[in-house]
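Trainee: Structure in structure tokens, see below.
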Amino acid sequence: MISEKLQQAFNEQINKELFSEYLYLAMKNFFEELNLPGFVNWFDVQMQEERAHAMGLYSYLLQRGGKVTFEAIDKPVVTGTCPLSVFEQTLAHEEFVTSRINALTDTADEDRDRAAVSFLDWYIKEQVEEEDNVRKIIATLKLIGDDKKALLMLDKDLATRTFVAPVIG
């Protein structure tokens, strides 16, 4: 049985993952308005990944005999005004999610819940990948600068991204 403290921490992370999905929907909409379908696709895949992450936590919590509770999801705000600044906001958000996954893992470790620590290892590795992917796009956007042709080439590249359902845990 999972402790009450760890159950609460899992529920908080489920909320954070669902907020991430909602935030990426808002970012997807930002790129819809710019008519950049590749960027739209990238954020659509990102949304699907965040939903999968939330559902992985949801399933695990139920599997451990925990109770899932739902709280309100905050309104997403896109602060970026151009592709680069939106991706900088994305990186900041992913770094925040990483800090929350680390805090959840710390709680599992404090509870000496080895099953939860082992399960969360996948999320820790996933966050390293998430941050790296966003950093690479930021680096490319910085190289592109104001070159519209290069931006359209990146857009075409981002259009090739596909969602592959992760095997979590």
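Per my numbering, the sequence shown starts with residue 283, numbered consecutively. Note that CB positions come from ideal geometry on N, CA and C, so glycine has one too.
Which whole-angstrom value is the C-beta distance of residue 426 and residue 369, which I expect to be below 8 angstroms?
Mentor: Position 144 of the sequence shown holds residue 426. Position 87 of the sequence shown holds residue 369. That pair is no contact at about 11 angstroms.
Trainee: Alpha carbon to alpha carbon, how far is residue 335 from residue 434?
Mentor: Indexing the sequence shown from 1 puts residue 335 at position 53. Indexing the sequence shown from 1 puts residue 434 at position 152. Those two C-alpha atoms are separated by around 30 angstroms.
Trainee: If I follow the unbroken alpha helix (DSSP H) through residue 438, where does it start and stop?
Mentor: Along the sequence shown, read from residue 1 onward, the residue named residue 438 stands at position 156. Element bounds for residue 438: 430-440.
Trainee: Under three-state DSSP, which class holds residue 417?
Mentor: For the purposes of this step, residue 417 is identified with residue 135 of the sequence shown, where counting begins at 1. Three-state result, residue 417: helix.
Trainee: Whole angstroms is fine: what's the gap from residue 358's alpha carbon to residue 395's?
Mentor: For the purposes of this step, residue 358 is taken as the residue at position 76 of the sequence shown. For the purposes of this step, residue 395 is taken as the residue at position 113 of the sequence shown. Taking the straight line from one Cα to the other gives about 33 angstroms.
Trainee: Please report how far the alpha carbon of residue 289 lies from the alpha carbon of residue 373, in whole angstroms.
Mentor: Against the sequence shown, residue 289 aligns to sequence position 7. Against the sequence shown, residue 373 aligns to sequence position 91. Answer to the nearest angstrom: the Cα atoms are 27 angstroms apart.
Trainee: Answer yes or no: do residue 299 and residue 379 have a C-beta to C-beta separation smaller than 9 angstroms?
Mentor: Here residue 299 refers to the residue found at position 17 when the sequence shown is read from its first residue. Here residue 379 refers to the residue found at position 97 when the sequence shown is read from its first residue. Closer than 9 angstroms, so yes.
Trainee: Find the nearest neighbour of residue 354 within the set 418, 437, 444 and 301, judged by alpha-carbon distance.
Mentor: Against the sequence shown, residue 354 aligns to sequence position 72. Ranking 418, 437, 444 and 301 by Cα distance to residue 354 puts 301 first.
Trainee: Consult DSSP for residue 383 and reduce its assignment to one of helix, strand or coil.
Mentor: Taking the sequence shown and counting its residues from 1, the one referred to as residue 383 is at position 101. Residue 383 falls in the helix class under three-state DSSP.
Trainee: Here's a check: name, in chain order, each residue in its chain whose Cβ is nearer than 7 angstroms to the Cβ of residue 440, leaving out the five neighbours to either side.
Mentor: Stepping through the sequence shown from its first residue, residue 440 is reached at position 158. The answer, listed in chain order, is 320, 321, 323 and 324.
Trainee: Under 6 angstroms Cβ to Cβ from residue 450, same chain only, skipping five residues before and after it: list those, please.
Mentor: As a working note, residue 450 is residue 168 in the sequence shown. Counting only Cβ-Cβ distances below 6 angstroms, and skipping sequence neighbours, we find 338 and 404.
Trainee: Could you tell me the alpha carbon to alpha carbon distance between residue 437 and residue 331, rounded to whole angstroms?
Mentor: On the sequence shown, residue 437 is found 155 positions in, with the first residue counted as 1. On the sequence shown, residue 331 is found 49 positions in, with the first residue counted as 1. Looking at the two C-alpha atoms, the distance is approximately 20 angstroms.
Trainee: Rounding to the nearest angstrom, what Cα-Cα distance links residue 386 and residue 418 in this structure?
Mentor: The residue given as residue 386 occupies position 104 in the sequence shown. The residue given as residue 418 occupies position 136 in the sequence shown. The straight-line gap separating the alpha-carbon atoms of residue 386 and residue 418 is approximately 27 angstroms.
Trainee: Quick one: does the C-beta of residue 349 sit closer than 8 angstroms to a heavy atom of the ligand GTP?
Mentor: In terms of ligand content, the structure shown is empty, and the ligand GTP therefore cannot be addressed.
Trainee: Output the boundary residues of the alpha helix (DSSP H) element that contains residue 296.
Mentor: As a position in the sequence shown, residue 296 is number 14, starting the count at 1. Start and end: 286-315.
Trainee: When you compare each of 371, 284, 352 and 389 to residue 306 by their alpha carbons, which one comes out closest?
Mentor: If you number the sequence shown from 1, residue 306 lands on position 24. That would be 371, whose Cα lies nearest to the Cα of residue 306.
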